[in-house]
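A short worksheet on the structure shown next.
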Amino acid sequence: MLLLNLVIPKITNVLKLKYVYTVYNYTQNYIMKL
1 MLLLNLVIPK ITNVLKLKYV YTVYNYTQNY IMKL
């Protein structure tokens, strides 16, 4: 149970980072095309 409490926050952090990174790349590409 303790292990899950440690692992789940890490997974959510990684997912958040991936999401932010994807959005950032998308906006950069969009700005370049303007």
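In UniProt numbering, the protein residues as written are 1 to 34. Beta carbons: idealized from backbone N, C-alpha and C, even for Gly. For clarity, every value in this text was computed on a predicted model and none was experimentally measured.
Cα-Cα separation between residue i and residue j, rounded to whole angstroms
i, j, result
"Tyr24", "Leu3", "32 Å"
"Tyr19", "Thr12", "10 Å"
"Thr22", "Gln28", "10 Å"
"Val14", "Leu34", "31 Å"
"Ile8", "Ile31", "35 Å"
"Tyr26", "Lys10", "24 Å"
Residue i: first and last residue of the uninterrupted alpha helix (DSSP H) it sits in
i, result
"Leu4", "2-33"
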